[in-house]
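All remarks here apply to the structure that follows.
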Amino acid sequence: MEFDLVIANGTVIDGTGRRRFAADLGVDGGRIAAVAARNGPGPALAGRETLDATGLVVAPGFVDFHSHSDWLLPLPDHESVLAPFLLQGVTTLVTGQCGFSPAPVTDASIPAVDAFAEEMRDLTFPYRWRSMAEFLDVLDAGGLLFNAAFLVGHGTLRLAVLGPEPRAPTAAELEALCRLARQSIGEGAFGLSAGLAYAPGIFSDNDELLPLFRATAEAGGIATVHGRAYTWVSPFYRPMIGGTAHNLRSVRELLDLAGRSGVRLQLSHQIIVGRRTWRTYRRVLRDIDEAAAAGLDVAFDAFPYTVGNTTIKVIFPAWFLKDFEGNIADPRARRKLKGEINLQRLALGLDYADIRLLWGRVPELAELEGLDFRTIAGRLGLPPFEAYLHVARASGGRARVLLDTYSGDAEHEAPLRAVLSHPRCAFMTDAIITRWGRHNPAAFGTFPRVLGHYSRDLGLFSLEEAVRRMTGFPAERLGLEGVGRVAEGQRADLVLFDPATVNAQATPAVPDAPPTGINAVMLAGHLVARDGRLLPGARRGRVLRK
Numbered sequence: 189m190e191f192d193l194v195i196a197n198g199t200v201i202d203g204t205g206r207r208r209f210a211a212d213l214g215v216d217g218g219r220i221a222a223v224a225a226r227n228g229p230g231p232a233l234a235g236r237e238t239l240d241a242t243g244l245v246v247a248p249g250f251v252d253f254h255s256h257s258d259w260l261l262p263l264p265d266h267e268s269v270l271a272p273f274l275l276q277g278v279t280t281l282v283t284g285q286c287g288f289s290p291a292p293v294t295d296a297s298i299p300a301v302d303a304f305a306e307e308m309r310d311l312t313f314p315y316r317w318r319s320m321a322e323f324l325d326v327l328d329a330g331g332l333l334f335n336a337a338f339l340v341g342h343g344t345l346r347l348a349v350l351g352p353e354p355r356a357p358t359a360a361e362l363e364a365l366c367r368l369a370r371q372s373i374g375e376g377a378f379g380l381s382a383g384l385a386y387a388p389g390i391f392s393d394n395d396e397l398l399p400l401f402r403a404t405a406e407a408g409g410i411a412t413v414h415g416r417a418y419t420w421v422s423p424f425y426r427p428m429i430g431g432t433a434h435n436l437r438s439v440r441e442l443l444d445l446a447g448r449s450g451v452r453l454q455l456s457h458q459i460i461v462g463r464r465t466w467r468t469y470r471r472v473l474r475d476i477d478e479a480a481a482a483g484l485d486v487a488f489d490a491f492p493y494t495v496g497n498t499t500i501k502v503i504f505p506a507w508f509l510k511d512f513e514g515n516i517a518d519p520r521a522r523r524k525l526k527g528e529i530n531l532q533r534l535a536l537g538l539d540y541a542d543i544r545l546l547w548g549r550v551p552e553l554a555e556l557e558g559l560d561f562r563t564i565a566g567r568l569g570l571p572p573f574e575a576y577l578h579v580a581r582a583s584g585g586r587a588r589v590l591l592d593t594y595s596g597d598a599e600h601e602a603p604l605r606a607v608l609s610h611p612r613c614a615f616m617t618d619a620i621i622t623r624w625g626r627h628n629p630a631a632f633g634t635f636p637r638v639l640g641h642y643s644r645d646l647g648l649f650s651l652e653e654a655v656r657r658m659t660g661f662p663a664e665r666l667g668l669e670g671v672g673r674v675a676e677g678q679r680a681d682l683v684l685f686d687p688a689t690v691n692a693q694a695t696p697a698v699p700d701a702p703p704t705g706i707n708a709v710m711l712a713g714h715l716v717a718r719d720g721r722l723l724p725g726a727r728r729g730r731v732l733r734k
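Positions 189 to 734 (my numbering) are the ones given, in order, by the sequence shown.
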């Protein structure tokens, strides 16, 4: 048999965790039609075209388990912005995370959905859909640079049912939330996401979450959750000082909700934030292990950097966010906020120098982008707290920042390495990228950094295990069909990389440096990237539906 394409002389790492093996792949009709082990120098398969993979690993395309590209995928030129993900080997995005998804919406909720997603948006676009099914159909019709799997956002559901009201739902509203979650999963979403540290998810309690988790479980979906706290003290639990560490309380709260609801739980970006929080990482991982040993279906995800992008509002407590515009202009509210933030800074070992402005959103802040807030304070001639509030107010609360001390820093990485080494950890970027501002290095280097620095150089885990946790493991966890493995019948979504040179060059200081060692990326058997360049006709992705 002559195949459309033969990938010859490669070393296959198939995404299951088993040992690598030498093989030729035969690709036909966009799928892997043959995996032929090589036993000698001659060609194992014949094809109309041949791609020589000598010296390269042939692996499944990487699955970015936690993506925030929702508001870019509907754009007609999204490949011009999102190309860095593809160029590091990502072929599938799992998006709709942290409670934010572009669907379902109502005429009344669209302005609020658009507003609360502004730190993730690039350009505005018309909402040519209302339901999840309509949204997925619009994306499919437009063509995609990636395969894309979606979750339905709890915050989006809340805005559709309650509007932006910072209150608990009524019984009727709660039933409407559950009904809309089940409907969205029935229309193709893979589960529910929640962002419990962001408005409007920050206003929900466990009496709201438990029925939603049950509805998600009944529909066969997964729940991915940005917890209430990733620091040992936070505004979300009382007492603020003393008792169980807040990040541990947050994890235990979610494990309990998952156990009571029966939902499969994914703890989003399992980070340990702040120098004085780092000591808690063993207890966090131990609690997850104990829950899994007791039968709970739980895992988590993480990125291989000690920085992460988020909104400038992330350090503000719920009481301040309930009336952000009013409180930021109120001297009494500002004094109260300053006292709480100063207490948190001291308790966490986290300072304004650990927060960098990525995107100010307005022209007058552009010259401050890329600077940390201690430097910004000096530039503005203000105390650091006032400088932070100035940027928050001037941007309308929409500025994007890069926060340091995520599970370590440049000198101390023990928490990060423990998290990345855990077999229940899937790899992801959690990176927001737009045309403007500075970038999160994870958008350019996540997967090559795992393969090169943490697997090959530090030996935290084998290359086979690294590939498993960026391909087969997330695909199996979500129930993605046709992706995540090199096997006959699977889609020919593949990455070819050099195991000796693959690595990230992107750092917080130089966040947009391209990776090394990613030789080629394929979608449905078509070469879409080669040697760091996006190729013409690269839109070969598809919408994945549950």
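We put the CB at the ideal spot given by N, CA and C, even for glycine.
Beta-carbon contacts of Ser438 that lie in its chain and below 7 Å, excluding the five residues immediately before and after: Gly415, Arg416, Ala417
Contact the segment 573 to 593 vs the segment 487 to 505: 3+ CB pairs below 8 Å: Yes: at least three Cβ pairs fall under 8 Å.
Candidates Cys613, Val340, Leu333, Asn497, of which the one nearest Pro699 by Cα: Asn497
Between the CA atoms of Lys524 and Glu555 - distance to the nearest angstrom: 30 Å
Residue ranges of each alpha helix (DSSP H) within the segment 557 to 636, 4 or longer: 561 to 568, 572 to 582, 602 to 609
For Pro314, three-class secondary structure by DSSP: coil
Of the listed residues Leu732, Asp719, Ala680, nearest to Leu213 (C-alpha basis): Ala680
DSSP-derived helix/strand/coil call for Phe424: coil
Proximal residues to Ile298 (C-beta, below 6 Å), its chain only, five neighbours per side dropped: Tyr315
Collapsed DSSP secondary structure at Arg673 in the structure displayed: Arg673: coil per DSSP, three-state reduction.
Near the ligand ZN: Ala241 beta-carbon under 8 Å from a heavy atom: The model on display carries no ligand, and the ligand ZN is accordingly not part of it.
Minimum length 3: unbroken beta strand (DSSP E) runs contained in the segment 341 to 420: 379 to 383, 410 to 414
Sub-9 Å separation of Ala490 and Leu365 beta-carbons: no
Sequence-distant residues of the same chain with beta carbon closer than 6 Å to Asp247, five excluded per side: Sequence inspection shows Ala at residue 247; the Asp mentioned does not correspond to that position. Shown here for Ala247: same chain residues with a beta carbon closer than 6 Å to its own, the five before and five after excluded, namely Ile201, Val655, Val683 in chain order.
Buried or exposed (CB count within 10 angstroms, at least 16 for buried), Gly409: buried
Alpha carbon of Arg520 to alpha carbon of Gly203, nearest angstrom: In a straight line, the C-alpha of Arg520 is about 56 Å away from that of Gly203.
Distance, Leu453 Cα to Leu445 Cα: 9 Å
Sub-9 Å separation of Thr593 and Val461 beta-carbons: yes
Candidates Val326, Ala232, Gly343, of which the one nearest Leu263 by Cα: Answer by Cα proximity: Val326.
6 Å Cβ shell around Tyr469 - same chain, five flanking residues per side excluded: Ile460, Pro603, Ala606
Ile529, enclosing alpha helix (DSSP H) - first and last residue: 519 to 536
Span of the alpha helix (DSSP H) around Arg470: 469 to 481
Burial state of Thr344 (16 or more Cβ within 10 Å): buried
According to DSSP, residues forming a beta bridge with Met320: The partner list for Met320 (beta bridge, DSSP) is empty, contrary to what the question assumes.
His714 and Gly277 closer than 9 Å at C-beta: no
Beta-carbon gap between Tyr540 and Arg533 smaller than 9 Å: yes
Euclidean distance between Cα positions of Asn197 and Gly235: 13 Å
Backbone CA spacing between Ala694 and Phe253 [nearest angstrom]: In a straight line, the C-alpha of Ala694 is about 20 Å away from that of Phe253.
Nearest neighbour of Glu743, chosen from Thr432, Leu442, Val486 [CA to CA]: Past the boundaries of the shown model lies residue 743; the chain is included only from 189 to 734, so the question cannot be answered.
Residue interval of the beta strand (DSSP E) (run including Gly198): It spans 190 to 200 - the beta strand (DSSP E) in which Gly198 sits, taken as one unbroken run.
Exposure label - Asp240; buried when at least 16 CB within 10 Å: exposed
Among Ala387, Ile373, Glu267, the one whose alpha carbon lies nearest that of Ala305: Ala387
Distance, Leu570 Cα to Arg612 Cα: 45 Å
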